[in-house]
Amino acid sequence: MLFNLVYDDRAFPTDHQTRQTWPLRVKYFDRRLFRRQLAEAVAWCAPRADPADAVGCLRTPALNPGMWSPENFTRLIRRRRRRLRGTPLPALEALPGALLLYIDGSNPLEGAVESESGGYLAGDQPPWDTAVYWLSYGHELLCWVPAPFVETVRSSLWAQSGEWLWLVESTEPPLL
Numbered sequence: 043m044l045f046n047l048v049y050d051d052r053a054f055p056t057d058h059q060t061r062q063t064w065p066l067r068v069k070y071f072d073r074r075l076f077r078r079q080l081a082e083a084v085a086w087c088a089p090r091a092d093p094a095d096a097v098g099c100l101r102t103p104a105l106n107p108g109m110w111s112p113e114n115f116t117r118l119i120r121r122r123r124r125r126l127r128g129t130p131l132p133a134l135e136a137l138p139g140a141l142l143l144y145i146d147g148s149n150p151l152e153g154a155v156e157s158e159s160g161g162y163l164a165g166d167q168p169p170w171d172t173a174v175y176w177l178s179y180g181h182e183l184l185c186w187v188p189a190p191f192v193e194t195v196r197s198s199l200w201a202q203s204g205e206w207l208w209l210v211e212s213t214e215p216p217l218l
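First residue of the sequence shown: 43, per the numbering used here; consecutive thereafter.
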């Protein structure tokens, strides 16, 4: 399956934003699992999203995966799911927030994005509570950015010296 992830060009901000497309060839993508895990991430993160505590509000110690890997990601999802037992999951049709693609292992941990995001992207990585879907073929992780942090993330991505964080504007075919 081919996804075109459309993102804002990360050149320094200008009066107009250009759109770029980056095709991802995904061997296997379970749309139903993605939707469930996205709903769980939203249910977990939405009530915890606090711009006054950008560093810690979405980094629950009990969910910390340590190093990112498929196994640690799966453990995080299971822990979050157990803690959400009995919590109604939100409808995804009018989802506030955005998706962020994080390419693990590509960031030099230079701290520029962390500083620009006020700590939300600590270690130049998304908060682990926001993890949604580990793409099956590599080191790519889709995360949910709660609405209060979307503009913060968008405005901080220009500080990357590489390409490890992408704010997803749309996908073809649509994921939701």
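Just so you know, even glycine gets a beta-carbon here, dropped at the ideal spot from N, CA and C.
- Shown here, Val-210 sits in a strand according to DSSP, grouped into three states.
- Per DSSP, reduced to three states, the secondary structure at Leu-100 is coil, with no helix or strand assignment.
- Leaving aside the five residues that flank Pro-169 on each side, the residues in its chain whose CB is nearer than 6 Å to its CB run, in chain order, Leu-100 and Arg-101.
- DSSP places Leu-142 in the uninterrupted beta strand (DSSP E) bounded by 140-145.
- Classified as buried, Ser-159 has 16 or more neighbouring CB atoms from the shown chains inside 10 Å of its CB.
- If you look at Trp-200, you'll find it isn't in any beta strand (DSSP E); DSSP assigns it neither H nor E.
- As the crow flies, the alpha-carbon of Leu-141 is around 18 Å from that of Leu-118.
- In this structure, DSSP gives Glu-182 an extended state, which the three-state scheme calls strand.
- Cβ-Cβ separation between Phe-191 and Ala-85: approximately 17 Å, too far for a contact (criterion under 8 Å).
- In the three-state reduction of the DSSP assignment, Ala-136 falls in the coil class, being assigned neither a helical nor a strand state.
- Rounded to the nearest whole angstrom, the CA to CA distance from Thr-172 to Cys-87 is 7 Å.
- The beta carbon of Gly-161 sits closer than 6 Å to the beta carbons of Ala-96 and Val-97 from its chain, once the five residues preceding and following it are set aside; these are given in chain order.
- DSSP places Ala-189 within a helical segment (H, G or I) once states are collapsed to three.
- Residue range 173-176 is occupied by the beta strand (DSSP E) that includes Trp-176.
- Excluding five sequence positions before and after His-181, the CB atoms of its chain that fall closer than 8 Å to its own CB belong to Trp-110, Ile-145, Asp-146, Gly-147 and Ser-148, given in chain order.
- A Cβ-Cβ distance of about 5 Å is found for the pair Arg-121 and Leu-105, placing them in contact under the 8 Å criterion.
- Under the three-state reduction of DSSP output, Ala-88 falls in the coil class, being neither helix nor strand.
- In chain order, Val-174, Tyr-175, Leu-184 and Leu-217 place their CB closer than 8 Å to the CB of Phe-76, counting only its own chain and leaving out the 5 sequence neighbours on each side.
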